[in-house]
Amino acid sequence: MILHVTLLSIFLLLLIAEDVRTFEINYAALAVVALAGVCLNLYLGLPIEDMLAGGLVWGLAGLLTRWILGRHVLGQGDLWLLPVIGALAGLCDSVTAIVVLALLCVVTMQSYRMARARPNGRRSFSLFPAALPGALTIFGVLAARIANIDISFNTTVFRNPAWSEINTFLRAEAIQWGGVVTALAAMFALIWMVFDRHSLHRGCSR
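Residues in the sequence shown are numbered from -8 upward in steps of one, following this note's numbering.
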């Protein structure tokens, strides 16, 4: 569990750092966050069906929001970030996660708008209202879960009795192999992020 928490924290920081630097969600960092978070949730006993339901609800909500309000409201990275938040929060803690995410977005939105309004389209440091609030929401929900603090507003965990054997199997696999798989994924993600940054620099210099 310590390895999952460590990797999750590191890649949440990398996700924030890349976003405030480039205004883009780094998919490699997001993938490691999702994998480490799912393994951690399984270790803590959150059923996989609750995570799947949370990810589905948040993902559909993001698509619906973009369809109604337009592409300028949610970028492509945001559409991937939202279901990850939903999956890691689970359906049980989604209400709390929505409240925290909304409050953090309000706090950071103005700085993002100011950075976007800089002349000549030059990118500058800003607090983007996606990765920073999203990462802090994920960290806060999982930290409360680890500390056994109930933040669910009396929302029960969604459990399907038919999936009890699947959850037992997945939890055992996450305990036995989750650390190794997540560590390998983190290594490949770091390599990809370095390669992607070099490719970006080469493209900008041409």
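Positions of the beta carbon are idealized from the N, C-alpha and C atoms, including for glycine.
Coil, strand or helix - residue i by DSSP
i     : result
V91   : helix
P38   : coil
C83   : coil
S143  : coil
A238  : What is shown of the chain runs -8 to 197, which leaves residue 238 out entirely.
N32   : helix
H63   : coil
N158  : helix
I16   : coil
V23   : helix
F208  : This structure cannot speak to residue 208, because the chain is shown only from -8 to 197.
M(-8) : coil
A180  : helix
A52   : helix
A138  : coil
Proximity of residue i and residue j at Cβ, strictly below 9 Å
i    : j    : result
P38  : V148 : yes
L133 : V11  : no
E9   : M184 : yes
I142 : W71  : no
A165 : L33  : yes
A135 : G66  : no
Sequence-distant residues of its chain with Cβ nearer than 6 Å to residue i (five each side left out)
i   : result
L79 : G28, I129
F2  : A20, V23, V24
L5  : A20
G81 : L37, D41, M42, G45
Spatial neighbours of residue i in its chain, beta-carbon cut-off 7 Å, leaving aside the 5 residues before and after
i    : result
L127 : L95
V91  : T128, G131
Same chain only: Cβ atoms within 8 Å of residue i, ignoring 5 sequence neighbours per side
i    : result
A174 : L(-6), L(-2)
For this session: Give a yes or no on contact between the segment 15 to 27 and the segment 166 to 183, applying the rule of three or more CB pairs nearer than 8 Å.
Result: yes
Exercise. Between the segment 75 to 95 and the segment 44 to 52, do at least 3 Cβ pairs fall closer than 8 Å?
Worked result: yes
Exercise. Counting Cβ pairs closer than 8 Å, one from the segment 82 to 97 and one from the segment 138 to 148, do we hit at least three?
Worked result: yes
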